[in-house]
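Residue numbers (mature numbering (1 follows the signal peptide of the UniProt record, and there is no 0)): -18 to -1, 1 to 294.
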């Protein structure tokens, strides 16, 4: 009888077992250490997140020719095998947020020419390889935020002619080399928040004339080159908060939403006249204060600009 009971008591269930003919597979089992096997060829989307996985086999996605979305965020992946994505040529979305990737194989995306969304946020990437982007002409969304990037090599994004959104926030960028944004004629959103940007070239934004949203807050900018925003005739939002600026440059685009708070503004004629002429919609006005001259110190920039007794 005891032997019979042993035979009848089921063993521990395998976490996240795939179902036959399913199109979506989701697994968030914290103890999972290896990528699930036996996924049906009908699978369109995979989400294996918040697990203990540290690596993937080169054959992990074999037989999944219809796969369109692969979500692998919040695991412990340190490396990816170069052939990993070769069996999934129809992949459109790849999310690798919050892993431990310091580098990627040079040919990792060679077979994923239909990729549209690529999220690498929250890894340890320290350098961008041009080879990653050579076959990604359909990519529309690229998130490289919260890595350890110190530079953007000129021309690295040249193949990304369809890119609409680029997030480079919270890296270690001290400057953007001329040509860093070359090839991004369709770009509409650029996020550079929380870097160490101290200087920008006058031609930095010339390659991105379609830009509508530009985030430069929380950097170390002290001076904006004359005319730096002139190419951005469609800009709707410009965030310059939390820098070290005393003087301002603006695009000629009408109806601009502008945040210039937490800068040491010199409330003198060039700044005041520019704000009256351009009439942007200032946000965070209570934190947008004059530092100089002495008699305007602590006053709101917007109020001083509107005043009729500035002598400008």
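The beta carbon of each residue, even a glycine, is placed where N, CA and C say it ideally should be.
Because the structure is a prediction, the values reported are computed rather than measured.
In three-state DSSP terms, what is residue i?
i: residue 108; result: coil
i: residue 181; result: strand
i: residue 115; result: helix
i: residue 78; result: coil
i: residue 147; result: strand
i: residue 54; result: coil
i: residue 283; result: helix
i: residue 157; result: strand
i: residue 257; result: helix
i: residue 171; result: strand
i: residue 263; result: strand
i: residue 215; result: coil
i: residue 252; result: helix
i: residue 277; result: helix
i: residue 226; result: coil
Based on the DSSP output, what are the partners of residue i in its beta bridges?
i: residue 272; result: 247
i: residue 92; result: Paired residues: none, contrary to the question.
i: residue 30; result: 9
i: residue 99; result: 75, 123
i: residue 197; result: 173, 221
i: residue 241; result: 221
Would you check whether the ligand GTP has a heavy atom nearer than 7 Å to the C-beta of residue i?
i: residue 64; result: Ligands displayed in this structure: none; no statement on the ligand GTP is therefore possible.
How many Å lie between residue i and residue j at the Cα?
i: residue 258; j: residue 288; result: 7 Å
i: residue 263; j: residue 242; result: 11 Å
i: residue 208; j: residue 252; result: 12 Å
i: residue 55; j: residue 105; result: 10 Å
i: residue 94; j: residue 294; result: 58 Å
i: residue 202; j: residue 133; result: 16 Å
i: residue 51; j: residue 215; result: 35 Å
i: residue 74; j: residue 256; result: 45 Å
i: residue 285; j: residue 267; result: 9 Å
i: residue 158; j: residue 181; result: 8 Å
i: residue 26; j: residue 129; result: 29 Å
i: residue 224; j: residue 97; result: 35 Å
i: residue 226; j: residue 283; result: 15 Å
i: residue 116; j: residue 199; result: 30 Å
i: residue 103; j: residue 275; result: 42 Å
i: residue 175; j: residue 91; result: 27 Å
Looking only at its own chain, which residues have a Cβ that is under 8 Å from the Cβ of residue i, when we skip the five neighbours before and after it?
i: residue 14; result: -4, -3, 30, 33, 34, 35
i: residue 280; result: 271, 272
i: residue 119; result: 95, 141, 142, 143, 144
i: residue 167; result: 143, 189, 190, 191, 192
i: residue 136; result: 159, 160, 161, 162, 164
i: residue 48; result: 23, 24, 25, 26, 72
Quick check on residue i: buried or exposed, where buried means 16 or more other Cβ atoms within 10 Å of its Cβ?
i: residue 3; result: exposed
i: residue 237; result: exposed
i: residue 178; result: exposed
i: residue 186; result: buried
i: residue 10; result: exposed
i: residue 254; result: buried
i: residue 152; result: buried
i: residue 58; result: exposed
i: residue 196; result: buried
i: residue 278; result: buried
i: residue 71; result: exposed
i: residue 82; result: exposed
i: residue 213; result: buried
So, for residue i: in the same chain, excluding its five sequence neighbours on each side, which residues have a beta-carbon less than 7 Å away from its beta-carbon?
i: residue -1; result: 7, 18, 20, 21, 22
i: residue 89; result: 64, 113
i: residue 228; result: 246, 247, 248
For residue i, which residues of its own chain have a beta-carbon under 6 Å away from its beta-carbon, when the five flanking residues on both sides are left out?
i: residue 183; result: 160
i: residue 45; result: 23
i: residue 206; result: 231
i: residue 260; result: 232
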